[in-house]
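*Asks:*
Protein chains: 8
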Amino acid sequence: MPDRGSGADGADGADGRIDGLLELDLDRASRRGAPEAVLCDAKSVEQVAAIAGEYARLAAGRDDLGPVLFTRADADRAAAVLTALPAAHHDPGARFLAWPAEPPAPSGGLVIVACAGTSDLPVAREAELTARHLGRPTRLIADIGIAGLHRLIARLPELREAACVVVAAGMDGALPTVVAGQIAAPVVALPTSVGYGVAEGGRAALTTMLSACAPGIGVVNIDNGYGAGHLAAQIARWAPAPPG
Amino acid sequence: MPDRGSGADGADGADGRIDGLLELDLDRASRRGAPEAVLCDAKSVEQVAAIAGEYARLAAGRDDLGPVLFTRADADRAAAVLTALPAAHHDPGARFLAWPAEPPAPSGGLVIVACAGTSDLPVAREAELTARHLGRPTRLIADIGIAGLHRLIARLPELREAACVVVAAGMDGALPTVVAGQIAAPVVALPTSVGYGVAEGGRAALTTMLSACAPGIGVVNIDNGYGAGHLAAQIARWAPAPPG
Amino acid sequence: MPDRGSGADGADGADGRIDGLLELDLDRASRRGAPEAVLCDAKSVEQVAAIAGEYARLAAGRDDLGPVLFTRADADRAAAVLTALPAAHHDPGARFLAWPAEPPAPSGGLVIVACAGTSDLPVAREAELTARHLGRPTRLIADIGIAGLHRLIARLPELREAACVVVAAGMDGALPTVVAGQIAAPVVALPTSVGYGVAEGGRAALTTMLSACAPGIGVVNIDNGYGAGHLAAQIARWAPAPPG
Amino acid sequence: MPDRGSGADGADGADGRIDGLLELDLDRASRRGAPEAVLCDAKSVEQVAAIAGEYARLAAGRDDLGPVLFTRADADRAAAVLTALPAAHHDPGARFLAWPAEPPAPSGGLVIVACAGTSDLPVAREAELTARHLGRPTRLIADIGIAGLHRLIARLPELREAACVVVAAGMDGALPTVVAGQIAAPVVALPTSVGYGVAEGGRAALTTMLSACAPGIGVVNIDNGYGAGHLAAQIARWAPAPPG
Amino acid sequence: MPDRGSGADGADGADGRIDGLLELDLDRASRRGAPEAVLCDAKSVEQVAAIAGEYARLAAGRDDLGPVLFTRADADRAAAVLTALPAAHHDPGARFLAWPAEPPAPSGGLVIVACAGTSDLPVAREAELTARHLGRPTRLIADIGIAGLHRLIARLPELREAACVVVAAGMDGALPTVVAGQIAAPVVALPTSVGYGVAEGGRAALTTMLSACAPGIGVVNIDNGYGAGHLAAQIARWAPAPPG
Amino acid sequence: MPDRGSGADGADGADGRIDGLLELDLDRASRRGAPEAVLCDAKSVEQVAAIAGEYARLAAGRDDLGPVLFTRADADRAAAVLTALPAAHHDPGARFLAWPAEPPAPSGGLVIVACAGTSDLPVAREAELTARHLGRPTRLIADIGIAGLHRLIARLPELREAACVVVAAGMDGALPTVVAGQIAAPVVALPTSVGYGVAEGGRAALTTMLSACAPGIGVVNIDNGYGAGHLAAQIARWAPAPPG
Amino acid sequence: MPDRGSGADGADGADGRIDGLLELDLDRASRRGAPEAVLCDAKSVEQVAAIAGEYARLAAGRDDLGPVLFTRADADRAAAVLTALPAAHHDPGARFLAWPAEPPAPSGGLVIVACAGTSDLPVAREAELTARHLGRPTRLIADIGIAGLHRLIARLPELREAACVVVAAGMDGALPTVVAGQIAAPVVALPTSVGYGVAEGGRAALTTMLSACAPGIGVVNIDNGYGAGHLAAQIARWAPAPPG
Amino acid sequence: MPDRGSGADGADGADGRIDGLLELDLDRASRRGAPEAVLCDAKSVEQVAAIAGEYARLAAGRDDLGPVLFTRADADRAAAVLTALPAAHHDPGARFLAWPAEPPAPSGGLVIVACAGTSDLPVAREAELTARHLGRPTRLIADIGIAGLHRLIARLPELREAACVVVAAGMDGALPTVVAGQIAAPVVALPTSVGYGVAEGGRAALTTMLSACAPGIGVVNIDNGYGAGHLAAQIARWAPAPPG
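Protein chains in written order, with the numbering used here: chain A, 24 to 267; chain R, 24 to 267; chain P, 24 to 267; chain Y, 24 to 267; chain G, 24 to 267; chain D, 24 to 267; chain L, 24 to 267; chain F, 24 to 267.
1) Based on the DSSP output, what are the partners of Y:Trp261 in its beta bridges?
2) Starting from the Cα of G:Tyr249, find the closest Cα among Y:His253, Y:Ala256, Y:Pro238 and give me that residue.
3) If we define contact as Cβ-Cβ less than 7 Å, is Y:Gly204 a contact residue for chain P?
4) Using only the alpha-carbon positions, how far apart do F:Leu229 and A:Pro199 sit?
5) Is G:Leu44 buried or exposed, if buried means 16 or more other CB atoms sit within 10 Å of its CB?
6) Which residues in the same chain as P:Phe93 place their Cβ atom closer than 6 Å to its Cβ, once the five residues preceding and following it in sequence are excluded?
7) Do we get a CB-CB distance below 7 Å when we pair L:Ala251 with the residues of chain F?
8) Work out the CA separation of G:Asp166 and D:Ala207 for me, nearest whole Å.
9) Does the region 180-197 of chain R come close enough to the region 144-159 of chain R to have 3 or more Cβ pairs within less than 8 Å?
10) So if I threshold CB-CB distances at 8 Å, which residues from the region 156-175 of chain D count as touching chain F?
11) Who are the Cβ neighbours of D:Ala154 in its own chain at under 6 Å, not counting the five residues just before and after it?
12) Below 8 Å on the Cβ atoms is my contact criterion, and I expect R:Leu132 with R:Ala186 to pass it. Report the Cβ-Cβ distance as a whole number of Å.
13) If you count every other CB in all the chains shown that lies within 10 Å of the CB of G:Arg262, and 16 or more means buried, which is it?
14) Could you check where the alpha helix (DSSP H) with Y:Arg162 kicks off and where it finishes?
15) Taking any Cβ of chain R, which residues in the region 211-245 of chain Y have a Cβ under 9 Å from it, in chain order?
16) Determine the extent of the alpha helix (DSSP H) in which R:Leu108 is found, giving its start and end residues.
17) On the three-state DSSP scale, how would you describe Y:Leu179?
18) Which chain P residues sit within Cβ distance under 7 Å of Y:Asp195?
19) So is Y:Leu44 in contact with chain L if we call contact Cβ pairs under 7 Å?
20) Output, in chain order, the set of chain P residues within a Cβ distance shorter than 7 Å of R:Trp122.
21) What whole-angstrom Cβ distance do Y:Val221 and P:Ser234 have, given they're in contact under 8 Å?
22) May I ask you to report which of helix, strand or coil DSSP gives G:Thr215?
23) Output, in chain order, the set of chain G residues within a Cβ distance shorter than 7 Å of Y:Ile258.
24) Roughly how many angstroms lie between the CA atoms of Y:Val68 and Y:Gly158, to the nearest whole one?
25) According to DSSP, what are the bridge partners of A:His113?
26) Using the rule of at least 16 other Cβ atoms within 10 Å of the residue's Cβ for burial, across every protein chain shown, is P:Gly267 buried or exposed?
27) Return the CA-CA distance between R:Asp114 and F:Asp99, expressed in angstroms with no decimal places.
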């Protein structure tokens, strides 16, 4: 999840400060090697607008700012971002915006984001977009599931090209275990809230992933596509570029 | 789990009645098509001895009694059963006794009990022995796990011979889903209490099995090998005999 | 639950592939002995329409396709299916569609679906329709509950005709135990989310069913009528046809 | 559960006070219409001995004291009570002592305590003994379970003689619902910790009882035989004496 | 909770049977000593209307029918009842209807329903109305809470007149313990879903009540005002009438 | 949380009594050293209006009444309060009203309320306003989080001026531990319901705070800003005034 | 809970450092206003001995060291402490040691620790001893419980003398609410793990305390007597000395 | 966790097969880039001995076998390993054995394992040893905790040298968040079961880690030191060697 530490009610003082309540973490890129992200759904439309506006104002004065990611942005919050930063890239399905729109030139190893199908796609895409805008080459594979093992096996050569594979899954969440058992790269397991009955809300998938029999799996919070993509980008940072 | 409805403190009255507190369910075979079973670990050694003794006494007067199963019997309780019914079969690993020792001639379809390895073996064996003493042909496969997919795939032809497959698994409990996705027969999913951390006690495995993406799975309580074997024997009752 | 492995965003390539993200599991019937099903509530209306459309297109080229089931379809998703497959059967109460509308000629043993009353009916009907469209003779009994034991006892002869009984129950979920204790056939226990207080969401019913004192019960996820009906159809496959 | 409000470390001051830390609730009988009870397993052997000794000392000076109940007393704590109050009645199975040994002459309606069998017996007996020493006529029925419905139905005429029925059950805890649906008297539902897997510790039984479809059920804490017997004695207080 | 065992889809056959799916439990009054109740919120408006209509039709042919209670009835369902049974009494706050409107002449002991204030009132009133229409004299005390002990103490003489006290409480649910510690009559503890944070949904109150240090408390499900009132009416049945 | 013990349906009798169901706790200030508060979201608009009206009526007759706080008041309930008490102070963001509008002259030590940012602000402000209207000097610091440690460290001198620090936090709730480890004053930990996945609803934050490795932390219920501010005001009561 | 940050395997380097793995927090008293404490039960006997030895060594070189508290020390760990620091005070019941044995001269307001009786005494004493060795005047009241309200009311004048009251309770944990509703000073609620059934392990008591209807309560972790005493000592620091 | 897929009862057939029930995953190193590990505590001493013996036998015939890790080995199981593989390295504190004893020459980036102190050391060491025997340079830092922030800040330059930091923590589990917020490398969060009350068993720490506000954290199961070390070794594989 992006930093929640930004509050914005209106006016401003020093750079990155809004209303005495918000101080943007502008040196984060240097400290952490990754840009700041703004989690939109815990903020009001006005607060999102103020933050995007502050970035727009600052961007005029320096060229080392960004990229900035806006995650979990519904239509209203996305509009507020686009008003202030019209050049941002917006993926409505993933509720994701990135500014500038163009991701950095890809470096490091390939990040593959895999999931079983339609339901897990929005979260999987958020993970892929995050990794791409943090500078990695990325690919999305969205039709492998453990109920139809042949599809998964057919994709193994491709999966083995990745420096890190993010596997998103809801319901029983068993897919990351199966993938991790077949490849040498680390797997980031991304549980989704897709499911009903005992699987409702994603806890069943989360628990399965934490209990995986295969080693080599790091788990993130339910529906935390941003966090999964961020971690994968960090993991793949030093790996060799993918073939071809 | 076997019936818990039997209390025994000592003396006796009518057939199948002990101390006014216990009435054996002697007509169960006719009503349910399956013999009675005695869950030993919820009873004192004295109570187990009294029940086994009553069966021994009754067996003298009729030849339609049995088989009788004794489950979850530790060394002391097993000894109490063997004292009264010395001809019983005892499998200490599965904490299981059956009287008479010889199972009925196998009829119906093949019941395969599968698990990933050593830890799940005692419960898996309890399931297999139950199905066998209820009259089915049975087989135990104990080395397939989803972390090593090749072993599972190599066994698929064998698994497809079964009329019902019991799949025992602890930790993440993902094996039944993978098996059910590859075969046409029903799967009885048997979660075991093997695991640690979030998987401790078997709830993670249970939840995974209930959330399985593949249909065709019926789940039983954690470590309920008896119940899984009983259900599998019922399911396979009408199926054709296995090839060969 | 039906496979979740199908994603659909628009255009297409090979048979059963939509947008590079979806690959229908067209060989499932041969591999699993049961048709594919589409879980609608985890998909957008557009995705459901695309899947139904793909089936319609494929059906023109081959006659071994189907039946196909669409489950958990609200009014909008049902309309999308009916637009593409106007000959489908639609049961709005069960949120269920089947194509073709006519179920296969019944074979195997009788599947009875039983519940206590109105609240559990939609899920019970989903189970019955699933079993019927998978080729079994079926019957629905909807007025037996354990608070009024006489109704249940009056129905025992009928219940004993079944090769498999699906018992749906919410609240305390005690009905499957009572039924299983009286019949020889396997019981598929289907917890429903009907209930309030500690029973809210169906976990109380689920837990009761897993803890049942009577053996011969396989449990499915809460409100998983499709899964219960599918399992019952598999179980009853080899059983003799019901009397009369 | 008996009052936990008594601490005892040794010496004494005023009547019913031990060490300045304990003040026995000697006027409880007049305030609540029921005697005091001492929950032994949360106290040290020394503390139990001091309390029993204080009762013995006080009993010399007044004849309106008692009865006093000691619950959950293991062998050591029971011995401590018997040393101070040698005339107490001790039931080791129920871990229960009452002083004086002779219960009051029975008055009010019949309290029946029912359970399914051996495992639930110790808690059921604690309930029965409590109700008896609080002055009610009592009876224990220990072999009715819902898996074998015929036993339960055979006992209905007897159950209908009671002014209150305590039903103890572990595992799925479904018995109180079935009983309550058949009789006019209130049912006190007493969940026991007997069970394994999802039923371990008695929570499954507790939840089932709280979710019962039949009205007329009051539930107590898991294994709280004392509380169930106490409540039943209060309920039956004004009812007519049982026939015969 | 009232019986859930009634399903209704339209037409009818024998008395008390609707559509082959519903069979009213018309002999319940004789078997259980209490009338039938219809839980409305788990039924469609059409089903509620059909049930009320069937009662209206039957009432023409016999005068031993009723009272009938309709619980958890929102405006639409209440209107459906009133259309068929215009002479019913309707309490919208308690979402409760009783037919006939006039309760039976009070007999047995006094039932007091107590709660801490406004939030718990709807459930408390449902309990009071149920007990009243089952034939007990009743009273509602709605302003005692443990944070202001003086109010509770001032009401003790009144509370001690009751043969049974129903205590409704949300949040920490501590009120029943305090009341039970001060009176001789049984307490029915009725947890409500009023609360937030860890108390949200009423589980905290429920757990507190089950853990009460004072004996003499029977607990019902969260928000189960009907069940609490029903149990209280049963408990107070044999008690002497209140003074005055 | 404010007292829930006030019910109001209309007319009135003695001072502070409404409809026989509500008795305001007017002597609370003398007993507890703090004014009464009215939790609005568990009351209807009419009930809130009646309570505010009663306070307005009483205020005419005595000058020792107040302050009175109204918490969790949405727009409708706030309007009802302002109609009766137009001189009240209203903070819509904190859903808080205080009458009279002017807080008492500050006395005692400084209460600082700290949080990480925008999402936790409403609850943090409720805490600050409560402490201020209970008579303490207060300050709000809203931009310190543990992910950006430098901000927190820069604020330590300021935090060390407080006699009590309320720390509000959602998600992982780790901020109170870090603060408590660095200052000598007590910390009131205030978990908020801000979060998703395993942090949804605030239980993760609550658990973290209760498990804090640093001593000197008292925890309140999730989102209980009123309770946190109340406790902080009590704690800071005797402390010296802040410097400057 | 005391800091867990100390590891000790043997030899040593600089002051307060053991084996390169442990660095005692010697400046804590100046930073936090309270001495260091060592949680013993998470350390081996050898580690406890090494830590106590290091303190003994350091104490020779400076006189501003201490007091040091050792909590949750069983007999073996206590012996290890006493070997190194023979002048320490040891309370075996509270599993507590303090060095030096003599607490500081009392300053600040009175801390009262209250509980219902014997079972909660060890934790209550740990709280009292902690507050005393942190410099507050303290008193222990161990016989008030809500089931016997008269004892509590009789103690109110005494309780009102305290600047802070720690209330320890297990089972339903309702005592802190009742106390907080009657006094003006803050209450530290200390749940204990005393209880069975739904109250087992102390979660029921904890939840009750967090849900308390009365404000003015700060809650600590279950059985965290040290934390409660520490917080109470901080709270009472500035309050006037008790009368007399 | 290491593969659980190995069962061993005695004799043998082909290489890596024991008793028909066990098939060692000998090609795992080539498939996954990491050696096999044997989780000992879920196996009997005899089974561990058989597996170690099989490795010893195989090692004679090939030199590409190993390293092999044995985790969670108590004294008996460790002795069984050492009997068969006397040249193995054994760390009793970490319950860990590696064969051959000498780790591979370090390659890739530095793995730092950090924890707060003694209690978390055994699990932290298991993580470090795993990473080392999988070929990474490693370092252990065991005295940083968030309650004493200065220790952590002093270690930041060292932590920033790592290509991956494993952070082990029990109780509130807040340390990984604080570390991740300060460094650019990925953090593997390793919750331990150290804790009491709400933190008992490690779930509180796990939840905190999953809810972390800082991105860049992958979480493993509670006490899964092997899994954490394995993942860290994979992550650091491509990173440059540490300075110096």
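Backbone N, C-alpha and C fix where the C-beta goes; we use that ideal spot for every residue, glycine too.
*Replies:* Answer, in terms of the structure:
1) In DSSP, Y:Trp261 forms no bridge with anything.
2) Y:Pro238
3) yes
4) 19 Å
5) Bear in mind that a pLDDT of 42 at G:Leu44, under 50, signals an unreliable position, so the model cannot answer this.
6) Val61, Cys63, Val104, Leu120
7) no
8) 42 Å
9) yes
10) Gly168, Ile169, Ala170, Gly171, Leu172
11) Val134, Thr161, Gly252, Ala255, Ala256
12) Correcting the residue type first, residue 132 of chain R is Gly in the shown sequence and not Leu. Going by Cβ atoms, the distance from R:Gly132 to R:Ala186 rounds to 2 Å, so yes, they are a contact pair.
13) Correcting the residue identity first, residue 262 of chain G is Ala in this sequence and not Arg. Buried, because 16 or more other Cβ atoms sit within 10 Å of the Cβ of G:Ala262.
14) Premise fails: Y:Arg162 lies in the beta strand (DSSP E), 161-164, not in any alpha helix (DSSP H).
15) Val217, Gly218, Tyr219, Gly220, Val221, Ala222, Glu223
16) No alpha helix (DSSP H) contains R:Leu108, which DSSP labels as neither H nor E.
17) helix
18) Ala197, Thr200, Thr231, Ser234, Ala235, Cys236
19) Note that Y:Leu44 scores a pLDDT of 42, beneath 50, so its modelled location is shaky and nothing firm can be said.
20) Within chain P, no residue comes near R:Trp122; the closest Cβ sits about 18 Å away, beyond 7 Å.
21) 6 Å
22) coil
23) Pro209, Ile258
24) 29 Å
25) A:Leu120
26) exposed
27) 25 Å
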